[in-house]
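Working notes, structure below.
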Amino acid sequence: MRVAIVSDIHSNIEALDAALAHAEASGALDAVWCTGDIVGYGADPIPVIARLRALGAVCVAGNHDLAAIAMIGVRDFNPVAAEAALWTATALDAASRAYLRELPLIASVGDFTLVHGTLRRPEWEYLLDGLQAEAHFALQTTPYSIVGHTHVAMHCAEAPVATLVDAADGETLALGETRLILNPGSVGQPRDGDPRAGYMLYDDAAGTVTWHRVEYDIAAAQRKIIAAGLPEMLATRLAHGI
Ligand code: ZN
Numbered sequence: 014m015r016v017a018i019v020s021d022i023h024s025n026i027e028a029l030d031a032a033l034a035h036a037e038a039s040g041a042l043d044a045v046w047c048t049g050d051i052v053g054y055g056a057d058p059i060p061v062i063a064r065l066r067a068l069g070a071v072c073v074a075g076n077h078d079l080a081a082i083a084m085i086g087v088r089d090f091n092p093v094a095a096e097a098a099l100w101t102a103t104a105l106d107a108a109s110r111a112y113l114r115e116l117p118l119i120a121s122v123g124d125f126t127l128v129h130g131t132l133r134r135p136e137w138e139y140l141l142d143g144l145q146a147e148a149h150f151a152l153q154t155t156p157y158s159i160v161g162h163t164h165v166a167m168h169c170a171e172a173p174v175a176t177l178v179d180a181a182d183g184e185t186l187a188l189g190e191t192r193l194i195l196n197p198g199s200v201g202q203p204r205d206g207d208p209r210a211g212y213m214l215y216d217d218a219a220g221t222v223t224w225h226r227v228e229y230d231i232a233a234a235q236r237k238i239i240a241a242g243l244p245e246m247l248a249t250r251l252a253h254g255i
C-alpha cells in the first residue's frame, strides 16, 4: 500500500494537485491521509474539499477547518488568519460545511494515529519540543502518529529521548520498533523558507516514509487570493515559504 500523507493544504488546490500528481508519478496511490487545515488562507476551499472527498481521504480537523464552520471562534487567531477564516465561512457551500463538520479530531488507520496538533490538544497545540512530544507519546496508542499544524516537516523518535528533527526533501525514514511522531510539512503554505508544496509518502511494503517537496503554480494561487479579496500578504508569503 502506498499512501500520500498531506497536511495544512489551506485551500491551495494548485499545491494539492501538484503533490498528488508527484505521488502518482512515482507509482500507484492506494490512499490519501490528511492531518487537517484543509481550508483557511487560500481561495479554493471547495475544490480542495471536493478533491479529498473524491479520493476518499482519511482526514482529521484542524483549527482552521473548525473556525470555517464556527465550531471554534477566531479570537485566538491573528488578524489575517481571522479574516481568512471569516472569508472561508462565507465561501463554503452546504456540502463542504457538512464535510468539515463530520471530521474527527483524531483518527486511527493501521499503525498510525492522525491528529492536527497533538493528542493532548488536538486542534491547538503546536508540537515544537521534546517535552511536548513526550506528553503526546504518553497518549499515543499506535506505533506511529502523524501531526501537522506547525507547517514544518519533522520526525521525532520516542527513544532514547524524544527529539524533533527537521525532515529534508527526499529524506527516507525506515519504520521500525521505535515509536515515532511524523509531520509531512505543509502542502499549501510551507513555513520553512522553501515555497514548494510539502508532503510525505508512506510505502507499507518497504516500511518507509519519504518526504517530498514539489514545485507548483504559485502565481496562479496568488492571483486567486488577490481576486478573492483576501489579505494580500497571504498571496505574498506563498512565494517565500514563510
Ligand atoms: Zn495550518
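Heads up: the sequence shown runs through residues 14 to 255, numbered per our numbering.
Positions of the beta carbon are idealized from the N, C-alpha and C atoms, including for glycine.
The structure presented is a predicted model; accordingly, all values stated were derived computationally and were not measured.
Asked                                                                                                                        : Found
As assigned by DSSP and simplified to three states, the class of GLY143                                                      : helix
Neighbourhood of MET14 by C-beta, 6 Å cutoff - its chain only, sequence neighbours within 5 removed                          : ASP43, ASP217
Straight-line gap, ARG192 to ILE239 (C-alpha atoms, nearest Å)                                                               : 43 Å
Three-state secondary structure (DSSP) of HIS253                                                                             : helix
Within 9 Å, strictly: CB atoms of GLY143 and VAL165                                                                          : no
Those residues which DSSP pairs with THR154 across a bridge                                                                  : DSSP output for THR154 lists no bridge partner at all.
Endpoints, the beta strand (DSSP E) within which ASP216 is located                                                           : 210-216
CA nearest to the CA of SER20, picked from VAL52, THR249, PRO60                                                              : VAL52
Chain-order list of residues whose beta-carbon lies under 6 Å from that of VAL178 (same chain, five-residue window excluded) : HIS168
ALA146 and ILE194 closer than 9 Å at C-beta                                                                                  : yes
Distance, LEU99 Cα to LEU152 Cα                                                                                              : 33 Å
Same chain, Cβ closer than 7 Å to ASP207, five either side skipped, listed in chain order                                    : ARG226, GLY254
Enclosing alpha helix (DSSP H) for SER20 [first to last residue]                                                             : SER20 -> no alpha helix (DSSP H), and no H or E assigned at all.
Opening and closing residue of the beta strand (DSSP E) in which ALA120 lies                                                 : 119-122
Bridge-paired residues (DSSP) for ALA170                                                                                     : THR176, LEU193
Residue(s) in a DSSP beta bridge with ARG15                                                                                  : ASP216
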